[in-house]
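Residue numbers (this note's numbering): 1 to 188. Where a beta carbon is used, it is the ideal one built from N, C-alpha and C, also for glycine. Treat the numbers as computed from the prediction; the structure is a model and nothing was measured. Notes follow once the structure below has been shown.
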């Protein structure tokens, strides 16, 4: 009977291997996707703050959010960390949701004040994106949070901008070419 036992063991091993391969392949095809490099030219020439918050005041950060964009996942934790660090220093955080889209921000981003619209936002090339105005109400930065597939403090463009503005240094980084995970803002 050793032959039957060996055959049964081999069959069980083969079934286990097939099951593991199926699980791996299923996980990989569902959750792991190749990163699609997309180049976007961000130009803030037309962006303006609404009259209600324009002019001198705190540093203002506006997050442009499309609920349907899978690229948001990579920056939401980072944005929550920015809020936790810079809101106590007086930075005001706002959000503009893509027109015609439906969705709700996660609870960790509840501190973002919604803006119904932002003059010039209709010309945004892609999201997620961010615009930062200095204390004089001048646009200091417009562009992505970072380059690449994900965004965090180590590859972010935002921390250096907020640090410089909080130290009173003037910036004008309103034209940015970047490659990363972005979704079109206009159209679909």
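- Going by DSSP, residue 141 is part of the beta strand (DSSP E) stretching over 139-143.
- Between residue 47 and residue 120, the CB-CB gap stays under 7 angstroms.
- Pairing residue 62 with residue 24 gives a Cβ-Cβ distance that is not under 7 angstroms.
- Non-local C-beta neighbours of residue 101 in its own chain, meaning closer than 7 angstroms and more than five positions away in sequence, comprise 66, 67 and 68, ordered along the chain.
- If you draw a straight line from the Cα of residue 133 to the Cα of residue 76, it is about 20 angstroms long.
- Residue 96 and residue 51 have their alpha carbons spaced roughly 15 angstroms apart.
- Apart from sequence neighbours up to five positions away, the residues of its chain that approach residue 112 with a beta-carbon distance below 7 angstroms are 63, 93, 94, 95 and 105, ordered along the chain.
- The alpha carbon of residue 168 has as its nearest neighbour, out of 143, 81, 138 and 183, the alpha carbon of 138.
- By a beta-carbon distance limit of 8 angstroms, residue 147 contacts residue 179. Their separation comes to about 6 angstroms.
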